[in-house]
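In what follows, a single structure is set out as structure tokens and then discussed.
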């Protein structure tokens with residue numbers, strides 16, 4: 001039982017997955033798009049599921065995003081979601097779009113569904129055509145199951161350069177009924193080549209209309225997935241999709257439902273957990289960095305400042321070098337573009353207050369170093385003292401020789 | 001004689017320096033702020049020089065910037081500029097401001113000038129107080145000379161992690177008189193820790209009022225210094241200062257002067273050359289990258305798109321890996337925030353056209369690889385086909401293990 005401060009009680013399910021919510025099954029298999037690893041997966045729902053999605057804000061969007069948007073727009077429902085890894089089907093022109101439709105149609109036929117009940121997505125190299133001779137036969141082999149092993153094979157099939165699986169499952173009680181929310185994600189964080197794509201798929205058996213679900217997802221995405229640093233290189237393929245089967249049979253959720261906050265908190269916790277798992281798995285990363293900003297003009301500005309700090313290569317490399325280099329933190333605050341007072345900034349790194357009212361205060365460099373050496377998650381707290389806005393952001397440190405130059409500099 | 005396309009003829013002077021323009025002398029020496037290397041320098045002008053400056057846009061600004069702004073604001077003239085490296089005097093509160101004033105006053109006394117004829121600037125570690133016991137006695141030893149060796153010692157004194165000196169000198173003829181513009185800069189480009197500061201000092205003997213000079217400098221800075229990538233971490237200490245002695249005795253330059261374009265072109269060439277030298281010396285860099293964008297909605301937008309491309313870690317690491325990875329380039333165009341048409345983008349890497357109307361075209365990967373291996377400067381050309389705007393930006397590739405992960409990926 002995990003208590004969320006000031007939030008309704010929600011429970012994390014250790015062995016939960018995307019097939020924990022009632023009605024869902026999944027599978028992953030190898031078709032040959034990638035050399036050895038699993039590269040095609042599907043999530044299937046026994047009934048048409050209310051669907052919500054958010055997409056990359058890159059003006060160049062991959063073909064499958066266009067097709068999936070069209071599917072969800074038609075009725076707000078999908079029943080199957082088919083993903084391949086190893087090839088992004090991005091910047092592939094007319095033929096790419098045709099291929100995405102073919103992938104959708106083949107899946108619809110295989111699962112005996114109308115095409116608009118199918119979402120498709122791809123992640124991998126940009127600018128190469130999908131190897132349809134591998135994907136189309138692969139689709140015919142997709143036999144989703146409701147086992148943990150099957151969910152695990154789906155998780156594997158969507159990975160690219162990730163070093164660990166990202167998954168999570170929460171439960172809560174709504175109208176006296178237990179509802180589950182399971183999620184999976186891929187994305188190896190920053191400094192990732194064509195594969196920088198972040199994908200996340202969330203399933204739930206909560207009963208909720210797609211419009212309401214969309215509103216919740218958009219709001220939550222801004223505070224979770226959009227608060228992690230990838231590498232500034234917003235992918236052409238980023239996508240988060242939530243599917244809600246309704247099979248928990250609660251009264252349909254709306255913002256006026258007495259248990260609304262429980263559902264919102266559970267969905268937010270699922271997204272935040274996946275976002276942090278992505279940040280922690282940034283290529284070469286050794287630490288998760290969590291920045292909490294308070295006293296901003298607004299929550300939005302707090303989030304913006306937090307993200308600037310955690311996105312700074314200099315801050316990241318200082319953390320890798322276990323150097324309590326608050327100068328780099330205040331520098332990032334200064335160029336955040338947010339409304340600040342240069343003379344009222346407090347900064348703490350873990351247990352060490354390093355700056356009060358923008359003036360350096362004496363702290364133990366040894367204590368700060370020990371804190372950074374001994375913890376997997378590094379907390380940075382900044383109080384701007386110009387308002388009531390609060391917000392968090394997550395990232396990872398920078399390691400390797402790239403950082404060799406930076407990390408040791410101040411010593 | 002270097003011809004600039006469609007611009008008035010200006011001449012690069014191989015052995016020119018900041019003391020080439022009439023009236024200027026300079027010097028650098030070692031005071032102990034840095035362990036071994038030169039760390040204090042001065043530029044002196046025989047007469048009060050018209051001054052113009054641009055400063056960091058970071059909201060957190062170092063103490064010397066405030067003092068220098070005050071100096072220049074008073075009369076638009078300065079006669080001496082004193083710089084230390086090794087310590088930035090940034091985020092040092094009231095005491096830091098007092099120290100900057102002391103540095104200015106000591107310099108004014110030493111050179112027998114009113115304090116507002118003196119500019120001071122610092123570069124180095126943030127958040128530590130200036131070692132005044134080293135700097136103040138050092139100021140008394142500053143004996144500027146008009147020799148190339150003296151100019152060279154000044155250049156050395158402002159460096160931090162730079163691996164090469166950045167300097168340039170151009171001449172042109174105005175009212176039948178030869179005028180010179182000499183410049184020097186420091187800044188080791190991206191991935192640089194507390195020392196990311198870019199400083200540039202330009203001297204000229206042209207006769208020009210400070211308001212006119214300021215207007216030209218601001219306009220030129222936007223197309224040169226502001227078009228190189230440092231590392232996104234805008235320093236608290238960035239500063240460009242131009243001093244014009246007027247001793248060439250041309251008629252005072254204004255935008256209606258018949259030779260205005262020559263002066264503007266020479267000053268722009270000096271700034272562009274210094275900016276490119278900084279980009280080329282980015283830590284770990286092996287190549288200069290020049291991105292040229294045409295067909296944008298405006299010149300501003302072209303510059304913005306160019307800077308996004310050259311600022312992309314993914315593009316930079318592809319160049320290091322000599323991989324003609326146009327997918328990363330179009331991805332950066334997509335998230336530039338500029339007005340584009342996703343279907344009308346052309347991309348060329350050196351001699352290889354890789355994309356026309358956003359569709360991949362066949363090109364020789366071997367030719368592209370050879371081009372990237374054999375050239376020190378890599379040209380990327382992007383045509384957006386939505387307007388007449390043109391612009392350039394410069395950066396460098398990413399090397400080291402940080403890049404090991406990225407560069408080889410598509411192979």
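Chains as they are written, first to last, in the UniProt record's numbering: chain X, 1 to 411; chain E, 1 to 411.
All C-beta atoms in this analysis are idealised placements derived from N, C-alpha and C, irrespective of residue type, glycine included.
Taking each of X:159, X:160, X:262, X:84 in turn and checking the Cα distance to residue 142 of chain X, the smallest one comes out for X:84. By the criterion of a C-beta distance shorter than 6 Å, residue 224 of chain X is surrounded in its chain by 271, 272, 275, once the five residues flanking it on both sides are discounted. For residue 19 of chain E, there is no enclosing beta strand (DSSP E), since its DSSP letter is neither H nor E. With the rule of 3 Cβ pairs closer than 8 Å, the segment 207–220 of chain X does not count as touching the segment 25–42 of chain X. Residue 86 of chain X and residue 102 of chain X have their C-alpha atoms some 18 Å from each other.
For residue 334 of chain X, the chain E residues whose Cβ falls inside 7 Å of its Cβ are 58, 59, 60, 236, in order along the chain. Neighbours of residue 353 of chain E in chain X, taken as residues at a C-beta separation under 8 Å, are lacking, since the least C-beta distance is about 14 Å. Here DSSP, grouped into helix, strand and coil, assigns residue 386 of chain E to coil. With a threshold of 16 other beta carbon atoms within 10 Å, residue 187 of chain E meets it and is buried. Between residue 100 of chain E and residue 47 of chain E, the beta carbon gap of about 25 Å keeps them out of contact (Cβ cut-off 8 Å). Restricted to the segment 231–303 of chain X, the beta strand (DSSP E) segments that are unbroken, complete and at least 3 residues in length are 239–244, 288–296, listed in chain order. Residue 331 of chain X has a beta carbon lying within less than 8 Å of a beta carbon in chain E. Close to chain X, meaning a Cβ-Cβ distance shorter than 7 Å, are the following residues of the segment 114–133 of chain E: 125, 126, 127. The shortest C-alpha to C-alpha distance from residue 162 of chain X to any of X:182, X:179, X:124, X:183 is the one to X:124.
Excluding its 5 nearest sequence neighbours in each direction, residue 379 of chain E has C-beta neighbours in its own chain below 6 Å: 290, 350, listed in chain order. Residue 81 of chain X has X:43, X:119 as its beta-bridge partners, per DSSP.
Annotated as proximal: residue 150 of chain E and residue 26 of chain E, with beta-carbon spacing under 8 Å.
DSSP places residue 396 of chain X within a strand segment (E or B) once states are collapsed to three.
If you compare the alpha carbons of E:241, E:346, E:341 with that of residue 327 of chain E, the shortest gap goes to E:346. As DSSP reads the structure, residue 29 of chain E sits in a beta bridge with E:40. The CB of residue 342 of chain E comes closer than 7 Å to the CB of 59, 60 in chain X, given here in chain order.
With contacts defined as CB atoms closer than 8 Å, residue 226 of chain E and residue 335 of chain X fail to qualify as a contacting pair. Looking at the DSSP output, residue 199 of chain X bridges to X:186, X:239. Residue pairing from DSSP places residue 24 of chain E in a beta bridge opposite E:45.
CA-to-CA, the gap between residue 244 of chain X and residue 128 of chain X works out to about 33 Å. In the DSSP assignment, residue 178 of chain E is bridged to E:173.
Judged by beta-carbon spacing, residue 242 of chain E lies beyond the 8 Å limit of residue 184 of chain E, meaning their Cβ atoms are not closer than that value. Under the 8 Å Cβ criterion, the segment 150–159 of chain E counts as touching the segment 15–35 of chain E, having at least three qualifying pairs.
Non-local C-beta neighbours of residue 383 of chain E in its own chain, meaning closer than 7 Å and more than five positions away in sequence, comprise 294, 295, 346, ordered along the chain. Contact between residue 267 of chain X and residue 394 of chain X does not hold, since the beta-carbon distance rounds to 18 Å and is not under 8 Å.
Taking C-alpha positions only, residue 252 of chain E is separated from residue 179 of chain E by approximately 12 Å. Among the CB atoms of chain X, none fall inside 8 Å of the CB of residue 350 of chain E.
Membership of residue 221 of chain X in the alpha helix (DSSP H) is indicated by the continuous run 210–223. For residue 99 of chain X, the enclosing alpha helix (DSSP H) stretches over residues 93–111. Secondary structure at residue 50 of chain X: strand, using DSSP grouped into helix, strand and coil.
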